[in-house]
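Line order of the protein sequences matches chains E and W.
Note that numbering that gives the first Met the number 0 gives residue 438 to position 439 of the first sequence, counting from 1, and the numbers run on in steps of one.
Note that numbering that gives the first Met the number 0 gives residue 182 to position 183 of the second sequence, counting from 1, and the numbers run on in steps of one.
Reading through the structure tokens given below for one structure.
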Amino acid sequence: MARINRPVSRRQSWWLLATALAAFLPLTPQIPLCLALAAGTCFALRAALTWKQWRLPPRWLLVLLVAAGTSAVFFEYRSLVGRTPGVALLVVFLALKLLELRAARDAISTVLLCYFLVLAQFMFTQTIPTALLACGTIIITTATLLAASDDRPTPIIQLRRTLLMLAQALPFMLLLFLLFPRVQGPLWGLPQDRTSAVSGLSDTMSPGSIAQLSQSDAVAFRVQFKGEVPAQSQLYWRGPVMPAFDGRSWRVTQTLGAYPVPPYVPRGSSVDYEVTLEPHGKFWLFALEMPGTLPPDSAMTSDYQPIARQAVRTRLRYTQQASPDTLAGINESAANLRAALELPKEGNPQIRAIAAEWRQRHGTDATAILAAAEDLFVRQLLIYTLNPPLLGRDVVDEFLFDTRRGFCEHFSAAFVFALRAAGVPARVVAGYQGGEINPVDGYLVVRQYDAHAWTEVWIAERGWVRIDPTAISAPRRINNNVAAAVPAGEPLPFLARSDLAWLKELRNRMDAVTNGWNQWVLGYNPQRQKDLLQSLGLDAPDWRSMTAILTALCGAVLLGLTAWVLHQRVRVDPALAAWQRFTRKLAKRGITWQAWEGPQDFARRASHAAPQHARAIHEIADLYAQLRYNPNTDRASLSQLNTKITAFRP
Amino acid sequence: MQALQLEAILADINRIILGKERPIRLALSCLLARGHLLIEDLPGVGKTTLAHVLARVLGLEFQRIQFTSDMLPADIIGVSIFDRDSASFHFHPGPVFTQVVLADEINRATPKAQSALLEAMEERQVTAEGKTRPLPEPFFVIATQNPTHQIGTFPLPESQLDRFLLRIELGYPDPAAERALLAGTDRRQMVAELAPRIDPIQLIALQRSAATIHAAPALIDYIQALTAYTRAAPRWHAGLSPRAGLSLLAVARAWALLAGRDHVLPEDVQAVLPGVISHRLRPVDDAARTDADTMAAQLIEAVPLP
Numbered sequence: 000m001a002r003i004n005r006p007v008s009r010r011q012s013w014w015l016l017a018t019a020l021a022a023f024l025p026l027t028p029q030i031p032l033c034l035a036l037a038a039g040t041c042f043a044l045r046a047a048l049t050w051k052q053w054r055l056p057p058r059w060l061l062v063l064l065v066a067a068g069t070s071a072v073f074f075e076y077r078s079l080v081g082r083t084p085g086v087a088l089l090v091v092f093l094a095l096k097l098l099e100l101r102a103a104r105d106a107i108s109t110v111l112l113c114y115f116l117v118l119a120q121f122m123f124t125q126t127i128p129t130a131l132l133a134c135g136t137i138i139i140t141t142a143t144l145l146a147a148s149d150d151r152p153t154p155i156i157q158l159r160r161t162l163l164m165l166a167q168a169l170p171f172m173l174l175l176f177l178l179f180p181r182v183q184g185p186l187w188g189l190p191q192d193r194t195s196a197v198s199g200l201s202d203t204m205s206p207g208s209i210a211q212l213s214q215s216d217a218v219a220f221r222v223q224f225k226g227e228v229p230a231q232s233q234l235y236w237r238g239p240v241m242p243a244f245d246g247r248s249w250r251v252t253q254t255l256g257a258y259p260v261p262p263y264v265p266r267g268s269s270v271d272y273e274v275t276l277e278p279h280g281k282f283w284l285f286a287l288e289m290p291g292t293l294p295p296d297s298a299m300t301s302d303y304q305p306i307a308r309q310a311v312r313t314r315l316r317y318t319q320q321a322s323p324d325t326l327a328g329i330n331e332s333a334a335n336l337r338a339a340l341e342l343p344k345e346g347n348p349q350i351r352a353i354a355a356e357w358r359q360r361h362g363t364d365a366t367a368i369l370a371a372a373e374d375l376f377v378r379q380l381l382i383y384t385l386n387p388p389l390l391g392r393d394v395v396d397e398f399l400f401d402t403r404r405g406f407c408e409h410f411s412a413a414f415v416f417a418l419r420a421a422g423v424p425a426r427v428v429a430g431y432q433g434g435e436i437n438p439v440d441g442y443l444v445v446r447q448y449d450a451h452a453w454t455e456v457w458i459a460e461r462g463w464v465r466i467d468p469t470a471i472s473a474p475r476r477i478n479n480n481v482a483a484a485v486p487a488g489e490p491l492p493f494l495a496r497s498d499l500a501w502l503k504e505l506r507n508r509m510d511a512v513t514n515g516w517n518q519w520v521l522g523y524n525p526q527r528q529k530d531l532l533q534s535l536g537l538d539a540p541d542w543r544s545m546t547a548i549l550t551a552l553c554g555a556v557l558l559g560l561t562a563w564v565l566h567q568r569v570r571v572d573p574a575l576a577a578w579q580r581f582t583r584k585l586a587k588r589g590i591t592w593q594a595w596e597g598p599q600d601f602a603r604r605a606s607h608a609a610p611q612h613a614r615a616i617h618e619i620a621d622l623y624a625q626l627r628y629n630p631n632t633d634r635a636s637l638s639q640l641n642t643k644i645t646a647f648r649p
Numbered sequence: 000m001q002a003l004q005l006e007a008i009l010a011d012i013n014r015i016i017l018g019k020e021r022p023i024r025l026a027l028s029c030l031l032a033r034g035h036l037l038i039e040d041l042p043g044v045g046k047t048t049l050a051h052v053l054a055r056v057l058g059l060e061f062q063r064i065q066f067t068s069d070m071l072p073a074d075i076i077g078v079s080i081f082d083r084d085s086a087s088f089h090f091h092p093g094p095v096f097t098q099v100v101l102a103d104e105i106n107r108a109t110p111k112a113q114s115a116l117l118e119a120m121e122e123r124q125v126t127a128e129g130k131t132r133p134l135p136e137p138f139f140v141i142a143t144q145n146p147t148h149q150i151g152t153f154p155l156p157e158s159q160l161d162r163f164l165l166r167i168e169l170g171y172p173d174p175a176a177e178r179a180l181l182a183g184t185d186r187r188q189m190v191a192e193l194a195p196r197i198d199p200i201q202l203i204a205l206q207r208s209a210a211t212i213h214a215a216p217a218l219i220d221y222i223q224a225l226t227a228y229t230r231a232a233p234r235w236h237a238g239l240s241p242r243a244g245l246s247l248l249a250v251a252r253a254w255a256l257l258a259g260r261d262h263v264l265p266e267d268v269q270a271v272l273p274g275v276i277s278h279r280l281r282p283v284d285d286a287a288r289t290d291a292d293t294m295a296a297q298l299i300e301a302v303p304l305p
């Protein structure tokens with residue numbers, strides 16, 4: 000009978016069940032509950048079949064079940080293609096395949112299916128825990144593949160062999176990872192077929208929307224500066240610009256009509272940096288003000304907001320340059336300026352009255368009006384807090400003159416409203432402010448709680464000028480961080496707090512590891528590969544020379560491993576090592592094994608000297624003699640020998 | 000089944016030759032390993048009886064050649080005589096054409112006669128008057144030799160000694176065995192009454208089994224270490240030859256078969272070592288000449304098991 004047609008043994012069934020479970024369980028969150036339950040039932044049935052050694056279900060029943068499972072997937076998703084339906088379908092097939100384990104052929108196809116499902120995990124998440132989980136599953140799956148060809152060794156030996164084999168494969172894996180010609184684009188950048196909830200700035204801002212973000216310590220993006228890190232108070236990461244106001248919330252208006260290059264001339268010194276942006280589902284790319292260059296595949300809206308051609312659904316890395324001293328928008332179009340003056344017809348009478356007074360006093364002197372507005376904000380003694388009271392209809396008036404407590408969105412909204420009412424073009428800019436340098440890897444980490452809103456005021460000859468009204472009332476928000484600015488006792492994500500130093504240290508380390516993973520494993524792209532090869536002294540290698548290098552290195556690793564294995568084999572026979580352990584034990588009792596003495600001769604002599612252990616000694620010596628001198632001995636005896644020697648106490 | 004056969008054979012031999020279990024086991028091992036045996040001992044200790052019993056119990060033909068100083072090769076391998084009736088030469092096979100040959104006092108004969116027998120042993124065929132004649136299968140030579148210091152002997156050169164797989168000594172029986180021998184019935188009578196335990200076909204099967212006993216890499220390493228040690232040690236004139244190493248392995252295999260095992264242990268090698276090396280190694284210092292067991296023990300204790 001051909002090897003591929005050998006029946007599946009009981010032990011092999013258990014192995015296959017374990018593998019199927021290991022491949023299936025991490026996927027359960029991704030598939031509908033009813034399918035997960037159905038698959039679980041199949042696994043339980045498989046366990047019962049193996050346990051009781053019942054007959055396998057007939058083929059016609061399996062055909063019916065496959066049809067039923069396929070239609071269930073179809074009705075759930077209205078499709079059989081795509082990421083989630085595909086994976087759900089494979090889970091169904093895996094569960095049903097277990098019910099027809101007849102020959103080694105079935106076992107091997109099950110194992111291959113499990114390998115594929117391990118891969119499928121990465122289509123959903125690519126974090127380090129996922130990778131570790133996948134490693135565990137791969138170990139079990141490979142052990143099952145071994146067991147499919149030889150099921151005699153015990154599970155422990157099987158796993159040990161697997162680990163050895165995988166360890167031997169590791170250098171090749173690393174070589175292939177580093178040198179295999181890369182394709183452009185992220186490895187796992189599959190289109191999301193469900194709108195996944197990701198936190199981040201939205202394209203509208205109403206009172207409380209940014210305060211909500213301040214409760215999240217999720218990473219928004221990480222930045223690596225090429226040179227010196229600018230001062231904390233200069234770290235304004237420009238995001239969506241919101242010129243439109245409907246009386247309550249501010250909105251983004253401009254997403255089309257983009258510039259291919261910044262429509263202004265960068266001025267003054269520049270800062271170079273690289274951003275690794277976490278997916279947020281929107282188009283905008285955060286950039287330090289004012290962006291001097293644009294990342295590839297992006298453009299700039301007319302209000303200087305860099306946007307990507309496609310929504311950011313995968314982690315994105317881009318380099319940029321910022322020129323803080325740039326004058327932007329000196330020749331701003333009349334339409335944009337008009338839009339930056341629009342206000343609802345009614346509401347907020349108090350601030351309108353004050354603004355009208357400014358206008359009377361200063362006429363069109365925007366600088367003077369700006370100073371008056373700043374003065375108003377100072378005089379009102381506004382309090383920066385994460386828990387502002389709820390506001391009624393006239394949000395600006397109530398904030399400025401009644402509650403006087405607010406978060407950055409209140410400050411910026413009120414400020415822009417006041418200026419517009421006084422006839423000065425102004426707009427709200429959302430984004431992030433600040434960030435924290437992780438001392439472990441030197442990356443600046445910007446988290447969701449660094450979300451911020453500030454304003455831009457248009458002044459003739461100077462263009463758009465950044466004014467941060469929050470800084471007027473709470474300068475510590477800008478110079479330090481949220482935690483320093485809000486009153487004590489307000490709930491904050493613990494990473495934002497300044498106490499709990501050791502916890503923060505721990506988180507910093509974990510974040511550095513995650514970042515390293517993102518940068519070097521998930522973000523290992525053709526550019527990184529090229530940089531690496533260039534640092535090894537290989538200039539601009541094409542795929543041919545790359546293949547040659549790969550082949551040569553793989554050959555070298557293979558030779559090295561072979562030499563090592565041969566060397567090991569000559570050096571230590573595990574049976575001999577066990578025997579030496581045994582003789583050391585006896586030597587402590589004064590019974591010394593002579594190096595030239597055969598095992599049975601020694602056993603006779605030793606049991607003569609220690610008659611109470613005669614039986615154990617003879618058993619061990621017999622096992623050892625078998626293992627060492629009988630080539631047909633089953634290697635399982637080795638663990639038996641080791642167990643006996645461990646249990647042997649002279 | 001083979002184990003039972005072998006036990007029965009050993010029991011039969013031990014019943015007749017008393018108190019000599021180890022030399023008998025060695026002799027049988029030598030036969031199973033398809034080698035030839037050299038017994039060096041004084042007259043009257045049972046060499047002939049041993050050869051006789053072996054032949055009898057294994058169901059083999061037996062011939063005895065008494066070597067003398069005036070012996071010619073034709074006395075061993077046979078001669079062609081002119082037959083008047085058929086008007087042609089007719090070959091009369093010598094005593095070597097048998098399955099078990101007892102070559103008694105081989106060192107009494109001249110080297111010329113000795114070499115006639117030794118060539119037959121090695122080639123397992125005889126060439127006389129230009130015609131090659133095969134010897135019967137199995138073919139087993141037991142040669143006896145008087146201790147070399149006796150007068151009127153032609154000592155066998157090393158190269159020829161190497162052709163004997165094993166050299167054993169019988170020695171005097173211990174007192175108990177000797178009393179039993181004196182009290183018991185006539186040994187000749189017992190030999191004559193002995194029934195064969197196996198036939199030559201079965202013997203050949205046993206020899207094949209012995210050749211297939213497993214020798215693990217660790218054991219091969221051990222034998223190699225032993226031979227390498229004898230070549231490097233200054234104690235002996237020349238080390239063991241590769242043929243000696245092969246002989247050692249072959250006898251150890253047969254010894255393991257006799258012990259009922261399907262693989263060779265270092266103990267097997269050590270047990271047969273005296274018989275394999277004592278006629279192959281010559282001490283540099285003649286005064287340090289010892290018996291085979293002491294010499295083997297020196298070698299064993301000098302070489303650790305790999």
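Beta carbons: idealized from backbone N, C-alpha and C, even for Gly.
Just grab the DSSP bridge partners of residue i for me.
i: Y653 (chain E); result: No statement about residue 653 (chain E) is possible, as the shown extent of chain E runs from 0 to 649 and does not include it.
i: F647 (chain E); result: DSSP, once it has assigned bridges, lists no residue as partnering F647 (chain E).
i: K130 (chain W); result: W:A127
i: G77 (chain W); result: W:P92
i: D82 (chain W); result: W:S87
Which residue comes first and which comes last in the beta strand (DSSP E) that contains residue i?
i: Y138 (chain E); result: Reading off the sequence, residue 138 (chain E) comes out as Ile, not Tyr. No beta strand (DSSP E) holds I138 (chain E); the alpha helix (DSSP H) holding it covers 127 to 148.
i: G430 (chain E); result: 425 to 432
i: E39 (chain W); result: 36 to 39
i: I105 (chain W); result: It is not in any beta strand (DSSP E) - I105 (chain W) carries neither H nor E in the DSSP assignment.
Hey, quick one: how far does the alpha helix (DSSP H) through residue i stretch, first residue to last?
i: H451 (chain E); result: Per DSSP, H451 (chain E) belongs to no alpha helix (DSSP H); it is in the beta strand (DSSP E), 450 to 458.
i: A576 (chain E); result: 573 to 587
i: A354 (chain E); result: 348 to 361
i: F123 (chain E); result: 103 to 123
From the DSSP output, in three-state form, read off residue i for me.
i: T194 (chain E); result: The predicted position of T194 (chain E) is uncertain, since its pLDDT is 42 and thus under 50; no value can be drawn from it.
i: H327 (chain E); result: In the sequence as presented, His is not what sits at residue 327 (chain E); that position holds Ala. The answer is coil: DSSP assigns A327 (chain E) none of H, G, I, E or B.
i: D284 (chain W); result: coil
i: E273 (chain E); result: strand
i: G559 (chain E); result: helix
i: Q319 (chain E); result: strand
i: A421 (chain E); result: coil
i: W236 (chain E); result: strand
i: M70 (chain W); result: coil
Going along the region 594 to 612 of chain E in order, which residues come within less than 8 Å of chain W, judged by CB to CB distance? Residues A594, W595, E596, G597, P598, Q599, D600.
Check whether the region 145 to 164 of chain W touches the region 260 to 280 of chain W, taking contact to mean three or more Cβ pairs, one atom from each stretch, closer than 8 Å. Contact holds between the region 145 to 164 of chain W and the region 260 to 280 of chain W, because three or more Cβ pairs, one in each stretch, are under 8 Å apart.
Check whether the region 35 to 46 of chain E touches the region 122 to 142 of chain E, taking contact to mean three or more Cβ pairs, one atom from each stretch, closer than 8 Å. no
Determine, using beta-carbon pairs with one atom in the region 167 to 181 of chain W and one in the region 33 to 49 of chain W, whether at least three such pairs fall under 8 Å. Yes, the region 167 to 181 of chain W is in contact with the region 33 to 49 of chain W.
Using a Cβ-Cβ cutoff of 9 Å, what residues of the region 627 to 642 of chain E are near chain W? List them in chain order. R627, Y628, N629, P630, N631, T632
Pairs of beta-carbons, one from the region 61 to 69 of chain W and one from the region 3 to 19 of chain W, closer than 8 Å: are there three or more? In short, these stretches do not touch, since the Cβ pair count stays below three.
Contact residues within the region 549 to 583 of chain E, judged by C-beta distance below 8 Å to chain W: D572, L575
What residues in the region 258 to 276 of chain W bring their beta carbon closer than 9 Å to a beta carbon of chain E? R260, D261, H262, V263, L264, P265, E266, D267, V268, Q269
Selection of the region 127 to 147 of chain E by Cβ proximity to chain W, strictly under 7 Å: none
Meets three-Cβ-pair contact criterion under 8 Å: the region 346 to 354 of chain E and the region 426 to 441 of chain E: no
Inter-stretch contact at 8 Å, needing at least 3 Cβ pairs: the region 329 to 337 of chain E / the region 388 to 404 of chain E: Using a C-beta cut-off of 8 Å, the region 329 to 337 of chain E makes no contact with the region 388 to 404 of chain E, since fewer than three inter-stretch Cβ pairs fall below that distance.
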